[in-house]
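Those sequence lines, one after another, are chains A and B.
Note that the numbering used here has the first sequence beginning at 1, numbered continuously upward.
Note that the numbering used here has the second sequence beginning at 1, numbered continuously upward.
Reading through the structure tokens given below for one structure.
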Amino acid sequence: MTGRRGRGVLLAGALLLAALGPAGALAASEPDKLDGSVVTPERSGARHLDVYRTGGVDYVDVNEVARIFRGTKFWRAEIEKLVLRFGDRRLKLTVGSPYVYVDEQGTNLYAPVRWIDGRIFVPMSFVTDVVDPIVPEAVAWDAVSLRLRVDSSDPNIRAIEVSARQNGVVAELRLADPLAATISVEGTRAELRIPGGVFVPGTRAAGSGGTLVRNVTTRQDGGEAVVTFELAVEDVSAETMSRTSPPRILVTFREPGGELPLPGYEGVAPSMAPRVVVVDAGHGGSDAGVSAGGALEKDVTLAMSREIARRLRDAGFTVVLTRDGDRFLSGDDRATRANTASADLFLSVHANAWFDDAMTGFSIGLPRSAGGGTGDGTFRAWGERAARTTGDEDLCAELVAESLETRLALPNRGTRRAEFAPLAGTGCAAMLLECGFLTNPVDAARLTSPDQQAAFAEAVARAIAAWRDQLEAGGTP
Amino acid sequence: MKRWQIGAALALLIAIGMAMFVALNREDEASLAVPPMSLKGTRTIELLFPGFRGGVARESREIVSEDSLEGDVRTAIEALIAGSEQGARPVPAATIVRNVFWDGEGELTISFSEHLRSDHPGGSEAEFATLRSIVGTIGTSFPGVDAVRILIEGDVVSSLAGHADLSHPLRTADFR
Numbered sequence: 001m002t003g004r005r006g007r008g009v010l011l012a013g014a015l016l017l018a019a020l021g022p023a024g025a026l027a028a029s030e031p032d033k034l035d036g037s038v039v040t041p042e043r044s045g046a047r048h049l050d051v052y053r054t055g056g057v058d059y060v061d062v063n064e065v066a067r068i069f070r071g072t073k074f075w076r077a078e079i080e081k082l083v084l085r086f087g088d089r090r091l092k093l094t095v096g097s098p099y100v101y102v103d104e105q106g107t108n109l110y111a112p113v114r115w116i117d118g119r120i121f122v123p124m125s126f127v128t129d130v131v132d133p134i135v136p137e138a139v140a141w142d143a144v145s146l147r148l149r150v151d152s153s154d155p156n157i158r159a160i161e162v163s164a165r166q167n168g169v170v171a172e173l174r175l176a177d178p179l180a181a182t183i184s185v186e187g188t189r190a191e192l193r194i195p196g197g198v199f200v201p202g203t204r205a206a207g208s209g210g211t212l213v214r215n216v217t218t219r220q221d222g223g224e225a226v227v228t229f230e231l232a233v234e235d236v237s238a239e240t241m242s243r244t245s246p247p248r249i250l251v252t253f254r255e256p257g258g259e260l261p262l263p264g265y266e267g268v269a270p271s272m273a274p275r276v277v278v279v280d281a282g283h284g285g286s287d288a289g290v291s292a293g294g295a296l297e298k299d300v301t302l303a304m305s306r307e308i309a310r311r312l313r314d315a316g317f318t319v320v321l322t323r324d325g326d327r328f329l330s331g332d333d334r335a336t337r338a339n340t341a342s343a344d345l346f347l348s349v350h351a352n353a354w355f356d357d358a359m360t361g362f363s364i365g366l367p368r369s370a371g372g373g374t375g376d377g378t379f380r381a382w383g384e385r386a387a388r389t390t391g392d393e394d395l396c397a398e399l400v401a402e403s404l405e406t407r408l409a410l411p412n413r414g415t416r417r418a419e420f421a422p423l424a425g426t427g428c429a430a431m432l433l434e435c436g437f438l439t440n441p442v443d444a445a446r447l448t449s450p451d452q453q454a455a456f457a458e459a460v461a462r463a464i465a466a467w468r469d470q471l472e473a474g475g476t477p
Numbered sequence: 001m002k003r004w005q006i007g008a009a010l011a012l013l014i015a016i017g018m019a020m021f022v023a024l025n026r027e028d029e030a031s032l033a034v035p036p037m038s039l040k041g042t043r044t045i046e047l048l049f050p051g052f053r054g055g056v057a058r059e060s061r062e063i064v065s066e067d068s069l070e071g072d073v074r075t076a077i078e079a080l081i082a083g084s085e086q087g088a089r090p091v092p093a094a095t096i097v098r099n100v101f102w103d104g105e106g107e108l109t110i111s112f113s114e115h116l117r118s119d120h121p122g123g124s125e126a127e128f129a130t131l132r133s134i135v136g137t138i139g140t141s142f143p144g145v146d147a148v149r150i151l152i153e154g155d156v157v158s159s160l161a162g163h164a165d166l167s168h169p170l171r172t173a174d175f176r
């Protein structure tokens, strides 16, 4: 009798548990909508933040989290999974699950990700325990005042350049402000930690680590920037030192048995002056580009590119043409040319078009992210030339525009940053130059005249040489 | 019937009742995933056309709503194809809107016929003007849309005329 009664109670209990399960328990209670706020000390005033409280857990809209910390989000509705990216870190969430994956490492939030009012909400522990350690900002949540405090840090690590020397390797980090760093070596892995360091989005390692440094990766670890060097051998000695004028951190790697200081290194940074320009004649082959008044864009861009290349060589640059004939190149082909040539500048030459013949003048396009990269903050494969800063690109564009305006009195239609396909994938400063409108008769005559092509090319080459001179003199913004 | 049997039956009934309650609640919660959107009736949309010397000219149009975001977006794009009152045609006249898909989470996908690419005059200025018209019109008239993915004949393309990167969705905020 007792046994049968016990079985009955167990059965009822099991049914109750199945019905109430963790999701059921949450679904049964309606969350309270509360008025929270986001406070950023650097900015005046607080901003409203919807906070939902249920079962003692505070939830916040994941869109807000992405916006506050400048993350990107990808949603797959059919499997209710969300991917958030902060720099090169990838966070995977699933609606209904308390587990979140940072890269491939699982973490339990102890409360599930939820749908509330048609939006995805995450427990505040996701912000304080998962997001906080991987973003440069410091985060604090006050559950009483419902205030999310975000202490911002401005990016201050602009570029990383690595160069192989006779008996070692030097890595230089260009900074906005002086910073100190520590380095530790364990086996074939060296880790440089920079407290207060924040990478400029899109910053990538540049140069060559020779046979000693195989790869360089970076990550943001809370308030510290971390650069990891993969070494070819063990027992490598590493030293770091900070310089204030200009602000930079220098790291030296010495081969086992080698001697420091490295020849020619003593406090001298590797030259950051542009030396290599890849000139890209837009379109080509089956892709004629604009066709107007009997002229084809692919022919105009090739003639103009050859003229610019010749003048840049005269000015002392190493110049590579992506194509020197009428043939089709994909965007990847062009970017590969630039990256394998270790280009300092990728100049894509184009002719413009409009829906009628009214539009005239030149314009300049710059990539949305520095270096023409993907903008996702990831580092490129070793051996590729890294990004210069957006400041370098802005300066180059400004000088080219000024030169064309003052030397040739051409109308300037302006400079803008956008997702320009011809600049995608290039790991250096990149610029798309629209030389004029083939759909405008005056511009078309200028673009197809050899004399005027030469004059245009001269103005562009002089501006690029002036850009090099300014960077060499330390005029980088 | 024994007392324990009555007790077990009672507990079973309670459990079934609670399970039904939870299931109903889950239904409610799932339905929140798709925000209610009733568009039926006449509504005003704003079309963005290329203006004088590269500017933007905005024109309002009254449309009869199809009671779906996809239907109204299709109507808006077809109005762009028809051109502005000043005769601006940022989208080639032969272009056909093949399909519009709304993922319910901010991203809208539009598949165009090949004409959008093959009949386009080219040049980055005209290419960005076309995209500004399409994406800007959607961003202005349909505020819930955060990003627009443009396909040609159902395929992802790298670009329309070789300048604008179309390999990923375009953010409406960049084109308003």
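Each residue gets a CB set at the ideal place from its N, CA and C atoms; glycine is no exception.
Legend entry - Residues that residue 125/B contacts on chain A, provided the C-beta gap is smaller than 8 Å: For the purposes of this step, residue 125/B is taken as residue 125 along the second sequence, with counting starting at 1. Near residue 125/B (Cβ distances below 8 Å), the residues of chain A are 352, 353, 354, 359, 363, 413, 434, 437.
Inset, instruction - Express the C-alpha separation of residue 464/A and residue 121/B in angstroms, rounding to a whole number. - result: For this step, residue 121/B is matched to residue 121 along the second sequence. For this step, residue 464/A is matched to residue 464 along the first sequence. If you take the alpha carbons of residue 121/B and residue 464/A, they lie about 30 Å apart.
Inset, instruction - Check the DSSP bridge columns for residue 249/A and list the partner residues they point to. - result: Taking the first residue of the first sequence as position 1, residue 249/A is located at position 249. Answer by DSSP bridge pairing, in chain order: 173/A, 242/A.
Legend entry - Beta-bridge partners of residue 318/A, as assigned by DSSP: Taking the first sequence and counting its residues from 1, the one referred to as residue 318/A is at position 318. According to DSSP, which records beta bridges pairwise, residue 318/A is partnered with 276/A.
Legend entry - residue 53/A beta carbon less than 8 Å from that of residue 32/A: On the first sequence, residue 32/A is found 32 positions in, with the first residue counted as 1. On the first sequence, residue 53/A is found 53 positions in, with the first residue counted as 1. Going by C-beta atoms, residue 32/A is nearer than 8 Å to residue 53/A.
Legend entry - residue 54/B - DSSP class collapsed to helix/strand/coil: Locating residue 54/B in the second sequence gives position 54, where the first residue counts as 1. Helix.
Inset, instruction - Could you tell me whether the Cβ of residue 51/B comes closer than 8 Å to any Cβ of chain A? - result: To locate residue 51/B, count along the second sequence from 1; it is residue 51. Using beta-carbon distances, residue 51/B does not count as an interface residue toward chain A, since no partner is under 8 Å.
Legend entry - Identified DSSP bridge partners for residue 108/B: Counting from one through the second sequence, the residue named residue 108/B turns up at place 108. Answer by DSSP bridge pairing, in chain order: 102/B, 148/B.
Inset, instruction - Please say whether residue 148/A and residue 57/A have beta carbons closer to each other than 8 Å? - result: One-based indexing of the first sequence puts residue 57/A at position 57. One-based indexing of the first sequence puts residue 148/A at position 148. Not a contact, by the Cβ cut-off of 8 Å.
Inset, instruction - Using a Cβ cut-off of 8 Å (strictly closer), state whether residue 121/B contacts chain A. - result: The residue given as residue 121/B occupies position 121 in the second sequence. Residue 121/B counts as touching chain A.
Legend entry - Cutoff 8 Å: residue 422/A Cβ touching any chain B Cβ: Taking the first residue of the first sequence as position 1, residue 422/A is located at position 422. Taking Cβ atoms only, chain B reaches closer than 8 Å to residue 422/A, which makes this a yes.
Legend entry - Integer Cβ distance of residue 230/A from residue 214/A, believed to fall under 8 Å: In the first sequence, counting from the first residue as 1, residue 230/A sits at position 230. In the first sequence, counting from the first residue as 1, residue 214/A sits at position 214. Right, their Cβ atoms sit about 5 Å apart.
Inset, instruction - Determine the chain B residues that contact residue 290/A at a beta-carbon separation under 9 Å, and present them in chain order. - result: One-based indexing of the first sequence puts residue 290/A at position 290. Those within 9 Å of residue 290/A in chain B are 121, 122, 123, 126, 161.
Inset, instruction - Closer than 9 Å by beta-carbon distance: list the chain B residues that pair up with residue 287/A, in chain order. - result: Along the first sequence, read from residue 1 onward, the residue named residue 287/A stands at position 287. What residue 287/A touches in chain B: 162.
Inset, instruction - Would you mind telling me which residues of chain B sit closer than 7 Å to residue 419/A, beta carbon to beta carbon, in chain order? - result: Translated into the one-based positions of the first sequence, residue 419/A becomes position 419. Those within 7 Å of residue 419/A in chain B are 164, 165.
Inset, instruction - Anything in chain A within Cβ reach of residue 89/B, meaning under 7 Å, just list it in chain order. - result: Residue numbering aside, residue 89/B sits at position 89 when the second sequence is read from its first letter. Those are 355, listed as they occur along chain A.
Inset, instruction - Indicate whether at least one CB of chain A lies closer than 8 Å to the CB of residue 158/B. - result: By 1-based counting over the second sequence, the position of residue 158/B is 158. So, interface residue.
Inset, instruction - Give the DSSP-derived three-state secondary structure of residue 72/B in the structure shown. - result: On the second sequence, position 72 is the one that residue 72/B refers to. Of the three classes helix, strand and coil, the one that applies to residue 72/B here is helix, per DSSP.
Inset, instruction - Less than 8 Å between the CB atoms is what I'm expecting for residue 432/A and residue 348/A, so what's the real figure, rounded? - result: Position 432 of the first sequence holds residue 432/A. Position 348 of the first sequence holds residue 348/A. Confirmed, Cβ separation roughly 5 Å.
Legend entry - Contact list for residue 294/A against chain B, beta-carbon separation under 7 Å: Locating residue 294/A in the first sequence gives position 294, where the first residue counts as 1. In chain order: nothing, as chain B lies at least about 15 Å away.
Inset, instruction - Could you tell me the boundaries of the beta strand (DSSP E) in which residue 472/A lies? - result: Counting from 1 along the first sequence, the entry for residue 472/A is found at position 472. Counting along the chain, residue 472/A falls outside any beta strand (DSSP E), though it belongs to the alpha helix (DSSP H) covering 450-472.
Legend entry - Where residue 120/B falls: helix, strand or coil (DSSP): Numbered from its first residue, the second sequence carries residue 120/B at position 120. Correct three-state label for residue 120/B: coil.
Inset, instruction - Report buried or exposed for residue 177/A, applying the criterion of at least 16 other Cβ atoms within 10 angstroms of its Cβ. - result: Indexing the first sequence from 1 puts residue 177/A at position 177. Residue 177/A comes out exposed.
Legend entry - Min CB distance residue 141/A to chain B below 8 Å: By one-based count along the first sequence, residue 141/A stands at place 141. By this cut-off, residue 141/A is not an interface position.
Legend entry - Neighbour flag for residue 393/A against chain B, beta carbons, 8 Å: Taking the first sequence and counting its residues from 1, one reaches residue 393/A at position 393. The beta carbon of residue 393/A does not come within 8 Å of any beta carbon belonging to chain B, so the residue lies off that interface.
Legend entry - Residues that residue 46/B contacts on chain A, provided the C-beta gap is smaller than 9 Å: The residue you call residue 46/B lines up with position 46 of the second sequence. The CB of residue 46/B never comes closer than 9 Å to any CB in chain A; the least such distance is about 20 Å.
Inset, instruction - Quick one: give me the first and last residue of the beta strand (DSSP E) that residue 50/A is part of. - result: One-based indexing of the first sequence puts residue 50/A at position 50. Where residue 50/A is concerned, the enclosing beta strand (DSSP E) stretches over 46-54.
Legend entry - Nearest candidate by alpha-carbon position, reference residue 158/B, set 117/B, 49/B, 176/B: Here the question's residue 158/B lines up with position 158 in the second sequence. Selected option, being the one with the closest Cα: 117/B.
Legend entry - CB contact flag (residue 368/A, residue 419/A, <8 Å): Numbered from 1 along the first sequence, position 368 holds the residue referred to as residue 368/A. Numbered from 1 along the first sequence, position 419 holds the residue referred to as residue 419/A. For residue 368/A and residue 419/A, yes; Cβs fall inside 8 Å.
Legend entry - Inside the stretch 175-239 of chain A only - beta strand (DSSP E) runs reaching at least 3 residues: 182-186, 189-195, 205-207, 213-221, 224-231
Inset, instruction - Establish whether the CB of residue 64/A and some CB of chain B are separated by less than 8 Å. - result: Numbered from 1 along the first sequence, position 64 holds the residue referred to as residue 64/A. Not closer than 8 Å to any Cβ of chain B, the Cβ of residue 64/A fails to qualify, so no.
Inset, instruction - Determine, using beta-carbon pairs with one atom in the stretch 338-345 of chain A and one in the stretch 271-286 of chain A, whether at least three such pairs fall under 8 Å. - result: Yes: the two stretches touch, three or more of their Cβ pairs being nearer than 8 Å.
Inset, instruction - Count the other CB atoms, across all protein chains shown, that sit within 10 Å of the CB of residue 187/A; report buried if there are 16 or more and exposed otherwise. - result: Sequence index remark: in the first sequence, residue 187/A carries index 187 (1-based). The residue is exposed, with fewer than 16 neighbouring Cβ atoms inside 10 Å.
Legend entry - Inter-stretch contact at 8 Å, needing at least 3 Cβ pairs: the stretch 62-81 of chain B / the stretch 130-141 of chain B: yes
Legend entry - Inter-residue spacing [alpha-carbon to alpha-carbon] between residue 125/B and residue 160/B: Here residue 125/B refers to the residue found at position 125 of the second sequence. Here residue 160/B refers to the residue found at position 160 of the second sequence. In a straight line, the C-alpha of residue 125/B is about 12 Å away from that of residue 160/B.
Inset, instruction - With DSSP collapsed to three states, give me the class of residue 431/A. - result: Along the first sequence, one-based indexing puts residue 431/A at 431. Of the three classes helix, strand and coil, the one that applies to residue 431/A here is strand, per DSSP.
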